[in-house]
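Below is one structure, written out as structure tokens; the observations come after it.
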DNA sequence: TTATTATGCATAAGAAAATTATGTATGTTT
DNA sequence: AAACATACATAATTTTCTTATGCATAATAA
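Residue numbers (full-length UniProt numbering), protein chains in the order written: chain A, 1 to 117; chain B, 1 to 117.
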């Protein structure tokens, strides 16, 4: 199966890490495919994370020590469960702060009149 | 002079086009350097658009027919004034819609509990 | 008066993060 | 039997940015 891209809007570029960290902050432990399905459900199909984006991102977060992995075999199929490390917990807090700041900044641009004169 | 990067947060990746379009939507016509200064002022120094990002982006928007250019010499220095075309106006509306949607989606991720169960 | 900063444009090399396209494998539906 | 769902992975390419320059004029500070 091939799923389409991440919300067509280029704005999502750069937010995948934040999304992954927040998912794991909520759910304790999750595996990759589960994340794609959960995000699709939460956003009512608006946001579809592609495997080509997700798996390299997970590997990178693991390499950086933000995630721990535990491999399990369920129904004769492999699953790699990820969970936040202590470092990952801290990073999640700071990423969510960054997101809040980003939204605040972009909302000033959105407002009909932001000029300074 | 070398100015530092675009807000250090990776979240800004992909939002430069939206920022440019909104600036021109407010100000009728602007030149590149003016945009960098205005953004710096509006965000109180948080967001610094680099020339290496801005100028290629402006050229691309021009090539796509979203912007018109008018070159002027002021104080013996060159300025390239950009303004939105009709197509650019429409694109601005849709980009701002996308931004609104993006923020709405990401805010559902921010909320402490978004699970579906 | 000379060096630095500000104004104003441009582009090239490289990195980062995604898209697009595959590949492998098992299980379930049609 | 074919198609779809589950579950991982990676390689080639594209997009978009950072970093680093380059050129040129004007104003200001040392």
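Even for Gly, the Cβ is constructed at its ideal location relative to N, Cα and C.
Interface flag for residue 31 of chain B against chain A is unset, since no Cβ pair is found closer than 7 Å.
Contact annotation: residue 14 of chain B and residue 13 of chain A have beta-carbon atoms nearer than 7 Å.
Taking a 10 Å sphere around the C-beta of residue 108 of chain A, we find fewer than 16 other C-beta atoms and assign the residue as exposed.
Residue 13 of chain B sits in coil when the DSSP states are folded into three classes, being neither helix nor strand. Around the C-beta of residue 102 of chain A, 16 or more other C-beta atoms lie within 10 Å, and the residue is accordingly described as buried. Separation of residue 32 of chain B and residue 104 of chain B (C-alpha to C-alpha, rounded to the nearest whole angstrom) is 30 Å. Within the stretch 35–57 of chain B, those residues whose Cβ lies closer than 7 Å to any Cβ of chain A are, in chain order, 41, 42, 43, 46 and 47. Residues of chain A with a Cβ closer than 8 Å to the Cβ of residue 20 of chain B do not exist; the shortest Cβ-Cβ separation is about 10 Å. In this chain, residue 44 of chain A is not harboured by any beta strand (DSSP E), its DSSP state being neither H nor E.
The three-state secondary structure of residue 101 of chain A, taken from DSSP, is helix. For residue 66 of chain B, the three-state secondary structure derived from DSSP is coil. Under the Cβ distance rule, residue 92 of chain B does not count among the residues neighbouring chain A, no pair being separated by less than 7 Å. Residue 105 of chain A belongs to the set of residues whose beta carbon lies under 7 Å from a beta carbon in chain B.
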